[in-house]
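Below you'll find the structure, written out as structure tokens, and then a few comments.
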Amino acid sequence: MTDIEPDETVDARGAACPGPLMDLIGQIRDAEAGDVVRLLSDTDQSLTDVPEWAEEAGNELLAVEEFDDHNAFYVERS
1 MTDIEPDETV DARGAACPGP LMDLIGQIRD AEAGDVVRLL SDTDQSLTDV
51 PEWAEEAGNE LLAVEEFDDH NAFYVERS
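When you line the sequence shown up against UniProt numbering, it's residues 1 to 78, in that order.
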């Protein structure tokens, strides 16, 4: 378990791809530089989509927590 304190949380559990990534992008756009957004997703595709997008967009994926029924991604806005 991470000790990262997110500034915002996007709960996209139950959303089909690319919904979770689109929700994350929307929240990151509204965030300030240095803010951390936590994405909760139960879609396995997010395990590849979120890291790829974070790298392409120049944001930093700080951590990924894998739980039994969902994953939590911590992304810092650059």
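Cβ atoms here follow ideal geometry from the backbone N, Cα and C, with glycine treated the same way.
Given a cut-off of 8 Å, decide if residue j and residue i are closer than it, judged by their beta-carbon atoms.
{"i": "Leu-61", "j": "Val-50", "result": "yes"}
{"i": "Asp-69", "j": "Asp-42", "result": "yes"}
{"i": "Glu-63", "j": "Thr-2", "result": "The question names Glu, but residue 63 is Ala in the sequence shown. Yes, the Cβ-Cβ distance between Ala-63 and Thr-2 is below 8 Å."}
Could you round the C-beta distance between residue i and residue j to whole angstroms and report it? I think they count as a contact, below 8 Å.
{"i": "Glu-32", "j": "Arg-77", "result": "7 Å"}
{"i": "Glu-65", "j": "Ala-72", "result": "4 Å"}
Report all residues from its chain with a CB closer than 6 Å to the CB of residue i; omit the five preceding and five following residues, and keep chain order.
{"i": "residue 119", "result": "The displayed coordinates of the chain run from 1 to 78. Any statement about residue 119 would go beyond what the structure contains."}
{"i": "Glu-52", "result": "none"}
Residues bridged to residue i by DSSP?
{"i": "Ser-41", "result": "Asn-71"}
{"i": "Ala-63", "result": "Tyr-74"}
Going along the chain, which residues of its own chain have a beta-carbon closer than 8 Å to the beta-carbon of residue i, five neighbours each way excluded?
{"i": "Gly-14", "result": "Asp-42"}
Please work out which residues of its chain come closer than 7 Å, Cβ to Cβ, to residue i, disregarding the five sequence neighbours upstream and downstream, and give them in chain order.
{"i": "Asn-59", "result": "Ile-28, Val-75, Glu-76, Arg-77, Ser-78"}
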